[in-house]
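Numbering (the working numbering), first residue to last: 1210 to 1440. Written out below as structure tokens is the structure these notes cover.
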Amino acid sequence: MEEIFKRSIDLIGRDNFNIIKNLKICVIGLGGVGGTALMSLVRSCVLNFLLIDFDNVCLSNLNRQLFYDINDLNKSKVEVCLNKLKLLSPNCKSVGINTTINENFDFDILNEYDFVIDAIDDIKAKKLLIKHCLNNKINFISSLGMGNRLSPENIKIVSLNKTFNDPLARKLRYELKKEGLDASKVKVCFSSSNYEKREEGVASMIFAPSTAGLLIGYYVVNFFIEKYNNH
């Protein structure tokens, strides 16, 4: 099945391809951002994933969450993604857990993974996850708010202390400061576009979350290419 990835090998070279192929990546949150990041990584020949999400596919997901279609409604997002990973890359070896991230979660299972992608929305869960990753020196990145934004043009990866125009980032900085955690050590994907609060809740289309997911996928791949080539 390596023929699937011939053009990837042509672009990054055999050695870098082998580095990427052997990574173990955990993706937490399989929505618009996490699902796109996952799709970009499996199409880059990452073969080992841990997928974590508690949610089922619903109709309102279909306007922006690339892994799902009408046949997936009411199914576990973890189950759907595991099945589709096999269709995209038959040698993929992935496991999934249907759960939420809270104080009862066994964070130690993350320690065997090379990188953790945090694509969840809950502030308390994000704080717990970031705290564990920092304390255990686990490579990770957190996605911030992509809702209520149409444009994909202002999405970037920075340290959490350099974010602005993002209510989720502001709350997260506050919560981490209470824990004595350094926001400058937390890499995040955020949008600097103006956030407009809406009475009807969070609105979203495909452009911002999918761009964030692709950028995170690229960040993970490039992180390891640079790491191993600079040694």
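Just so it is clear, CB atoms sit at the ideal spot from N, CA and C, and this is done for glycine as well.
{"Asked": "Beta-carbon proximity of Ser1351 to Ile1366, cut-off 8 Å", "Found": "no"}
{"Asked": "8 Å CB neighbourhood of Lys1284 in its chain, flanking five on each side removed", "Found": "Asn1265 and Val1266"}
{"Asked": "Contact under 8 Å by Cβ, Leu1359 with Met1414", "Found": "yes"}
{"Asked": "Euclidean distance between Cα positions of Leu1423 and Ile1364", "Found": "11 Å"}
{"Asked": "As assigned by DSSP and simplified to three states, the class of Cys1290", "Found": "helix"}
{"Asked": "Any non-hydrogen atom of the ligand MN within 7 Å of Cys1398 CB", "Found": "Absence of the ligand MN from the depicted structure is noted, as is the absence of any ligand whatsoever, leaving it without description."}
{"Asked": "Segment contact flag, the stretch 1314-1321 with the stretch 1291-1300, C-beta cutoff 8 Å, min 3 pairs", "Found": "no"}
{"Asked": "Rounded C-alpha distance that separates Phe1349 from Glu1408", "Found": "33 Å"}
{"Asked": "Stretch pair the stretch 1299-1315 + the stretch 1252-1263: three plus CB contacts closer than 8 Å", "Found": "yes"}
{"Asked": "Ser1393, DSSP secondary structure in three states", "Found": "helix"}
{"Asked": "Straight-line Cα distance separating Asp1262 from Tyr1427", "Found": "22 Å"}
{"Asked": "Closest by C-alpha distance to Ala1392, when choosing among Leu1381, Cys1398 and Ser1401", "Found": "Leu1381"}
{"Asked": "C-alpha distance - Ile1326 paired with Thr1420, whole-angstrom precision", "Found": "15 Å"}
{"Asked": "Exposed unless 16 or more other CB atoms sit within 10 angstroms - verdict on Gly1222", "Found": "exposed"}
{"Asked": "Residue nearest to Asp1278 in terms of C-alpha spacing, selected from Leu1385, Gly1238, Cys1235 and Gly1244", "Found": "Gly1244"}
{"Asked": "CB contact flag (Ala1328, Val1236, <8 Å)", "Found": "yes"}
{"Asked": "Ile1434 versus Ile1229: straight-line alpha-carbon distance, rounded", "Found": "8 Å"}
{"Asked": "Inter-residue Cα distance where the pair is Lys1436 and Val1430", "Found": "10 Å"}
{"Asked": "Reference Lys1406; option with closest CA among Gly1356, Ser1400, Lys1346 and Val1242", "Found": "Gly1356"}
{"Asked": "Collapsed DSSP secondary structure at Leu1282 in the structure displayed", "Found": "coil"}
{"Asked": "Pick from Asn1272, Val1395, Ser1400 and Leu1260 that is closest to Ile1343, judged by C-alpha positions", "Found": "According to the sequence provided, residue 1343 is Leu. The question's Ile does not apply to it. When only C-alpha atoms are compared, the closest one is Val1395."}
{"Asked": "Boundaries (first-last residue) of the alpha helix (DSSP H) holding Ser1442", "Found": "The displayed coordinates of the chain run from 1210 to 1440. Any statement about residue 1442 would go beyond what the structure contains."}
{"Asked": "One or two residues paired with Gly1243 in a DSSP bridge", "Found": "Paired residue(s): none; Gly1243 is not in a bridge."}
{"Asked": "Contact belief for Val1397 with Leu1337 at Cβ below 8 Å, rounded distance in angstroms", "Found": "Contact flag wrong, Cβ pair sits at about 16 Å."}
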